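Q:
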Amino acid sequence: MTRVFAVLSVCLLGVLMTVTTPAQSVSPQAKNLQSSSIVIDTHDDTTQRLLDAHFDITARHSDGNIDVPRMREGGLTAIFFSIWIPGKTTGPEAVKRALDQIDAVRETVRKHPHELVLATSADDVRAAKRQSKIAALMGVEGGHMMGNDLSVLRTFAALGVRYMTLTHMENTEWADSSTAKPEHNGLTDFGKDVVREMNRLGMIVDVSHVSDKTFYDVLAASKAPVFASHSSCRSICNAARNMTDDMIRDLAKNGGVIQINYHVGFLSQEFRDYEAAHPEAEKEIKAEVDKHCGSDEGCKLTAGDHIVREMMQAGKLPKVDWTSIVEHIDHAVKIAGVDHVGLGSDFDGAVMPLGMDDVTHIPQITDGLLKKGYSESDVGKILGENTLRVLSEVQRVSQDLNK
Ligand SMILES: [Zn+2]
């Protein structure tokens, strides 16, 4: 991958300034199913916006992918807010910044008790649905934020964090990432201790971003099901961040779930091939971004997302359509079975495919699966029931381990 594209696909800061197009109309059956189902998104980078005191999540915004009015319109029951800082930041600073983001999520929930409720279990999510509130959950995206200290991991759990992705794009001191040169041959002994402590604490071990060897070391070490909070299928789009068919099968045997990521660079091989073959496209994007943002780094990421989508729309980059999300889901179901696939959008942190401008568009996925012949009960599993099962099972294992 080339540089700007690489930056755009790391699942980070950006808030899309997308010119939103209205969601496609869906069948009454899909609409009903969406509103009666538990719908969970296991990976959203909206937390970066919560750090801005002026951002009101209860107001409808014309930029970004997520806010309360649009989550309601899209029928989302539960959102995992991602706690993320770059993998190069480590030590006490990383811990501090992670705690600041956890505080931002908790404060957002506290200030909006009619719209949001903090959730840490499957029961909490079901209760939120009954009360017509949106369940807010948290996942720490990158083991670098625990500062090599199990007491910090325990603090994360106590504050309500329910998963930790073991690495981001860089290796930690105890686990290899899929996008860095291997240093540890997977998990170190301490890395295995981290997995075991997460099992005891009732935190889901998230295998998105980790190397294939780390993934297999996790499966061997974990006593509870694990999940990939935001990964797609490598046999359709050959990104190291995606999962091979063998990995998807083995994840299913462990009882886990692959949550499909909507980022264009993880969905489309054509898009990736174009990136590799056209370094000049990167230059064009960079020039546009610099013109728009000057030296404002936050703005650069935001503008990058916007520009890539505009270029797709204008035919300057391969067009990646929202239906490719359904294609990845369907592939993963064929490999793993319908009990092991879910949704991990990467909203507010990636480049969304055309037609998936924001969370109001997610009923299209339900409609697309019904049109493919999926039963309502199977669609319900993909929308959220599979994730609830993992949450419950991880909690049960934790209770056993604490006996
Ligand atoms: Zn990510």
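Position in the sequence shown (first residue = 1) + 98 = our numbering.
Cβ atoms here follow ideal geometry from the backbone N, Cα and C, with glycine treated the same way.
A quick note: this is a predicted structure, and the numbers were derived from the prediction, not measured.
Is the beta carbon of Gly402 closer than 9 Å to that of Val418?
A: Residue mapping note: residue 418 aligns to position 320 of the sequence shown, counting from 1. Residue mapping note: residue 402 aligns to position 304 of the sequence shown, counting from 1. Against a cut-off of 9 Å, the Cβ pair of Gly402 and Val418 comes out as no contact.
Q: Helix or strand or just coil, what does DSSP make of His282?
A: For the purposes of this step, residue 282 is taken as the residue at position 184 of the sequence shown. In the three-state scheme derived from DSSP, where H, G and I count as helix and E and B as strand, His282 is classed as coil.
Q: For Gly237, list the residues DSSP reports as bridge partners.
A: One-based indexing of the sequence shown puts residue 237 at position 139. Partner(s): Ser180, Tyr261.
Q: Is there contact between the region 371 to 391 and the region 346 to 355, where contact requires at least three CB pairs shorter than 8 Å?
A: no
Q: Can you give me the Cβ contacts of Glu191 inside the same chain, cut-off strictly under 7 Å, excluding the 5 residues immediately before and after it?
A: The residue given as residue 191 occupies position 93 in the sequence shown. Answer for Glu191: no residue qualifies.
Q: Going by the CB atoms, is the gap between Ser309 and Thr263 shorter than 9 Å?
A: Residue mapping note: residue 263 aligns to position 165 of the sequence shown, counting from 1. Residue mapping note: residue 309 aligns to position 211 of the sequence shown, counting from 1. No, the Cβ-Cβ distance between Thr263 and Ser309 is not below 9 Å.
Q: Does the Cβ of Asp444 lie closer than 8 Å to at least one heavy atom of ligand 1?
A: Residue mapping note: residue 444 aligns to position 346 of the sequence shown, counting from 1. Yes; taking the cut-off as 8 Å, the Cβ of Asp444 has a heavy atom of ligand 1 nearer than that.
Q: Compute every distance between the C-beta of Thr312 and the non-hydrogen atoms of ligand 1, then say whether any falls below 8 Å.
A: Numbered from its first residue, the sequence shown carries residue 312 at position 214. No, ligand 1 has no heavy atom inside 8 Å of this Cβ.
Q: Among the residues of its own chain, which have a CB less than 8 Å from the CB of Ala226, if the five just before and after it don't count?
A: Position 128 of the sequence shown, counted from the start, is the residue given in the question as residue 226. Excluding sequence neighbours, Ala226 sits near Thr175, Ala176, Val215, Ala217, Ile232, Ala233.
Q: Tell me whether Phe153 sits in a helix, a strand or coil according to DSSP, three-state version.
A: Against the sequence shown, residue 153 aligns to sequence position 55. Looking at Phe153 - three-state DSSP - the assignment turns out to be coil, as it is neither helix nor strand.
Q: Measuring only the C-alpha atoms, how far is Leu317 from Leu148?
A: Within the sequence shown, numbered from 1, the residue matching residue 317 stands at position 219. Within the sequence shown, numbered from 1, the residue matching residue 148 stands at position 50. Their backbone Cα atoms lie some 34 Å apart in a straight line.
Q: Which of helix, strand or coil does DSSP assign to Met341?
A: As a position in the sequence shown, residue 341 is number 243, starting the count at 1. It is a strand residue.
Q: Pop quiz: Phe364 and Asn340 are said to be a contact at Cβ under 8 Å. What is the actual Cβ separation, rounded to whole angstroms?
A: Residue mapping note: residue 364 aligns to position 266 of the sequence shown, counting from 1. Residue mapping note: residue 340 aligns to position 242 of the sequence shown, counting from 1. Phe364 to Asn340, Cβ: 6 Å. Contact.
Q: Output needed for Gln367: all residues of its chain with C-beta closer than 8 Å, excluding positions within five of it in sequence on either side, in chain order.
A: In the sequence shown, the residue the question calls residue 367 occupies position 269. Taken in chain order, the residues that qualify are Ile334, Cys335, Asn336.
Q: Which residue's Cα is closest to the Cα of Ala256: Arg298, Met267, Phe313, Lys290?
A: Numbered from its first residue, the sequence shown carries residue 256 at position 158. Checked all of Arg298, Met267, Phe313, Lys290; the closest Cα to Ala256 is Arg298.
Q: What do you reckon, are the CB atoms on Asp139 and Ile460 nearer than 9 Å?
A: Here residue 139 corresponds to residue number 41 of the sequence shown, with the count starting at 1. Here residue 460 corresponds to residue number 362 of the sequence shown, with the count starting at 1. Result yes, Cβ atoms of Asp139 and Ile460 sit closer than 9 Å.
Q: Any beta carbon from chain C within less than 9 Å of Phe364's own beta carbon?
A: Given the protein chain composition of this structure (a single chain), no chain C is represented.
Q: Taking DSSP as the reference, what is the three-state secondary structure of Gly440?
A: If you number the sequence shown from 1, residue 440 lands on position 342. If DSSP states are grouped into helix, strand and coil, Gly440 belongs with the strands.
Q: Between which two residues does the beta strand (DSSP E) containing Val305 stretch?
A: Against the sequence shown, residue 305 aligns to sequence position 207. Per DSSP, Val305 is not a residue of any beta strand (DSSP E), being assigned neither H nor E.
Q: Can Glu268 be considered in contact with ligand 1, in the sense that its beta carbon sits closer than 8 Å to one or more heavy atoms?
A: Translated into positions along the sequence shown, residue 268 becomes position 170. Glu268 Cβ: outside cutoff for every heavy atom of ligand 1.
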